[in-house]
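J.:
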Amino acid sequence: MMIKVLIDEETLKKRIKELAREIEEYYLGKTDTIHAVCILKGSIHFFSDLMLNIRKLNVKYSFIHVSSYQGTSSTGKIRVKSWIDESIHDEYVLLVEDIVDTGLTLQHIVRYLKKYNPRDFRIVSLIEKTVHDHGIPLDFVGFRVDDKFLVGYGLDIDEKYRNLPYIGYVE
Ligand SMILES: O=P(O)(O)OC[C@H]1O[C@H](OP(=O)(O)OP(=O)(O)O)[C@H](O)[C@@H]1O
Ligand SMILES: Nc1nc2[nH]cnc2c(=O)[nH]1
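Start counting the sequence shown at 172; every next residue gets the next number (this note's numbering).
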């Protein structure tokens with residue numbers, strides 16, 4: 172399969188630093204500690220790089236593992252492989268997602284996380300696809316991309332390409 176570079180390593184790094192500043196700006200004056208929730212597996216690299224750039228806040232980490240894609244299409248069914256406990260109750264929660272496409276994954280996660288009654292609930296996504304009206308208000312977005320199936324920097328096709336250091340698309 173031919174992979175073309177869409178967002179190179181340097182552009183990713185630069186934008187993630189900017190996102191970290193935007194996120195710090197939002198929380199400073201409200202709280203000194205946030206609770207970041209990483210959605211595995213796709214968000215692993217984004218989560219790690221973003222958190223290493225947040226310098227002005229204490230950050231608690233939690234991890235959720237869900238999946239719904241087979242090949243390049245959503246099965247429409249969200250499989251929850253691992254979940255978190257109620258420790259986000261009354262906390263400033265930042266949900267960290269790599270990509271929002273149909274929005275099904277986030278809709279599911281947000282619905283259940285809100286039952287724990289966090290004090291504040293924000294979402295950051297590295298990429299927002301603009302083809303679907305996914306209907307989820309995203310607080311911080313790295314890049315907006317049209318209808319391409321992306322790989323790399325955590326994103327896969329059947330578990331391949333996650334370790335590419337850039338974001339590419341299949342021709
Ligand atoms: O908005 P949606 O259409 O629901 O798509 C977005 C989700 O799809 C991918 O996860 P995937 O199911 O491939 O699992 P993975 O993160 O483990 O690769 C991606 O990491 C998002 O979580
Ligand atoms: N790898 C990958 N997973 C996705 N899940 C939803 N959209 C995408 C995409 O473009 N690439």
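Just so it is clear, CB atoms sit at the ideal spot from N, CA and C, and this is done for glycine as well.
A quick note: this is a predicted structure, and the numbers were derived from the prediction, not measured.
Identify, in the order they occur along the chain, each residue of the same chain with its Cβ nearer than 6 Å to the Cβ of HIS260, setting aside the five sequence neighbours on each side.
T.: Answer for HIS260: TYR287 and ASN288, listed in chain order.
J.: Can you give the Cα-Cα distance for GLU180 and MET173, rounded to whole angstroms?
T.: So the alpha carbons of these two residues sit roughly 18 Å apart.
J.: Whose CA, out of LEU199, ARG226 and TYR324, lies closest to the CA of ILE338?
T.: For ILE338, the nearest C-alpha among the options comes from TYR324.
J.: Sorted by chain position, which residues of the same chain lie with C-beta nearer than 7 Å to LEU228's C-beta, five sequence neighbours on each side aside?
T.: Correct list, in chain order: GLU195, TYR198, ASP203, THR204 and ILE205.
J.: Do the CB positions of HIS236 and LYS252 come within less than 7 Å of each other?
T.: Yes; because the gap between Cβ atoms is below 7 Å, this pair is in contact.
J.: Measuring only between beta-carbons, confirm whether TYR232 sits less than 7 Å from chain B.
T.: In summary, chain B is missing from the structure at hand, where a single protein chain is found.
J.: Jot down the residue ranges of each uninterrupted alpha helix (DSSP H) in the region 223-277, minimum 4 residues, whole runs only, in chain order.
T.: Listed in chain order, nothing qualifies, since the region 223-277 has no complete alpha helix (DSSP H) run of 4 or more residues.
J.: CB of VAL271 to nearest heavy atom of ligand 1: below 6 Å?
T.: Yes, the beta carbon of VAL271 sits closer than 6 Å to at least one heavy atom of ligand 1.
J.: I'd like the list of long-range same chain contacts for VAL230, defined as Cβ closer than 7 Å, with 5 residues on each side in sequence excluded.
T.: Result list for VAL230: ILE205, ALA207 and MET222, in chain order.
J.: Are the beta-carbon atoms belonging to SER296 and LEU284 less than 7 Å from one another?
T.: No, the Cβ-Cβ distance between SER296 and LEU284 is not below 7 Å.
J.: Assign THR276 to buried or exposed, taking buried as 16 or more other Cβ atoms, counted over all protein chains shown, within 10 Å of its Cβ.
T.: It counts as buried.
J.: Compute the Euclidean distance between the alpha carbons of SER214 and LYS201, then round it to the nearest angstrom.
T.: Each residue's alpha carbon lies about 26 Å from the other.
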